[in-house]
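A.B. asks:
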Amino acid sequence: DVKVTQSSRYLVKRTGEKVFLECVQDMDHENMFWYRQDPGLGLRLIYFSYDVKMKEKGDIPEGYSVSREKKERFSLILESASTNQTSMYLCASSTSGRRHGYTFGSGTRLTVV
Amino acid sequence: GESVGLHLPTLSVQEGDNSIINCAYSNSASDYFIWYKQESGKGPQFIIDIRSNMDKRQGQRVTVLLNKTVKHLSLQIAATQPGDSAVYFCAENRWTGGGNKLTFGTGTQLKVEL
C-alpha cells in the first residue's frame, strides 16, 4: 500500500559531506517534490519536478540540487552539508492535471554534525 | 507576497468536543485549498480539499469552510477523538502551467485531552 518511499528514516552526516536523499514512488506520478520541515516554519519547497530530467527551484533551493533520471525516482543532493541543513526532509508526488493534493513519504530526519 | 498562516500553534480540546483549526491565506489565485494531517513520525496525509469556488465541503467528521472575502479557511472536526491528535496543515494549491504547486502553512498542533 505504500506509495512514496524515502530510503532512510534517520541520517547523521558530518559537515562538508555530500549527502544523497532518495525518494521512490510507485504510483506513476509525473510530479515530485522535496520539502524540508522545521518547527514553526512549516513545509518549505526546495525543488520540484514535473517530468523526467526536468527540475525547478522551489522557495529555498540554495545548498541543494536534485536529480530525476527516472520517473519514479527523485533524489535530493546536499553538495556540502552544513549544520543549518539539519531538518526533516519530506518527499511528495502527485499526478498531473489541475487538481491534486500530494502523497508524502514518511520523511528523513537528517542531522548534520 | 503569498503566505499561508495559522492563527494558533497549539489547540487543546476535550475528547468528544468539536475542534476548529483556522488558516489565513493571501494568494487570491489559488484554485484549491487542502488540509493535511501529520501524525508523529509520519508524512502529512490528505484529509479534505475545497475548490476556490465553494464555501463549504463536508467529509467524514470533517468540514472545511472557505471565506474568500477575508481569505480565511477553517477545518472543523466533529466529536474529536484521541486519534485526531496530530499537526494539521492547510495548503493552497496553484496551477503553474506545468503542474500543481502547494504552499503550506506553519501547522497547528491539535491535542486531544481525555
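For the record, the sequence lines run as chains D and Y.
Going by the numbering used here, 100 is the number at position 100 of the first sequence; the sequence numbering is gapless.
Positions in the second sequence are counted from 1; adding 113 to them yields the numbering used here.
Backbone N, C-alpha and C define an ideal beta-carbon position, used for all residues, glycine too.
Can you pull the chain D neighbours of glycine 220 (chain Y), defined as C-beta to C-beta under 7 Å?
C.D. replies: Here the neighbours are Gly42.
A.B. asks: For valine 126 (chain Y), collect the residues of the same chain with a Cβ closer than 8 Å to its Cβ; drop the 5 residues on either side in sequence, then sort them by chain order.
C.D. replies: Ser132, Thr193, Leu223, Lys224, Val225, Glu226, listed in sequence order.
A.B. asks: For arginine 174 (chain Y), does the count of other Cβ atoms within 10 angstroms reach 16, so buried, or fall short, so exposed?
C.D. replies: That one is exposed.
A.B. asks: Of the residues Y:Gly129, Y:Leu124, Y:Lys169, Y:Gln151, which one's Cα is nearest the Cα of phenylalanine 217 (chain Y)?
C.D. replies: Here the closest residue by C-alpha is Y:Gln151.
A.B. asks: Counting only Cβ pairs nearer than 9 Å, list the residues of chain Y close to serine 87 (chain D).
C.D. replies: Neighbours of serine 87 (chain D) on chain Y: none; closest Cβ ~14 Å, over 9 Å.
A.B. asks: If you run the structure through DSSP and keep just helix, strand and coil, what is threonine 83 (chain D)?
C.D. replies: Correct three-state label for threonine 83 (chain D): helix.
A.B. asks: For chain Y, check one thing: does any of its Cβ atoms lie closer than 9 Å to the Cβ of valine 4 (chain D)?
C.D. replies: Answer yes: the Cβ-Cβ gap between valine 4 (chain D) and chain Y drops below 9 Å somewhere.
A.B. asks: With H, G and I counted as helix, E and B as strand and the rest as coil, what does DSSP make of aspartate 197 (chain Y)?
C.D. replies: If DSSP states are grouped into helix, strand and coil, aspartate 197 (chain Y) belongs with the helices.
A.B. asks: DSSP has glutamine 222 (chain Y) in a bridge; who is on the other side?
C.D. replies: Y:Thr123, Y:Val200, per the DSSP bridge assignment.
A.B. asks: Compare the C-beta of asparagine 140 (chain Y) with all C-beta atoms of chain D and state if any pair is closer than 9 Å.
C.D. replies: So no, asparagine 140 (chain Y) is outside the interface.
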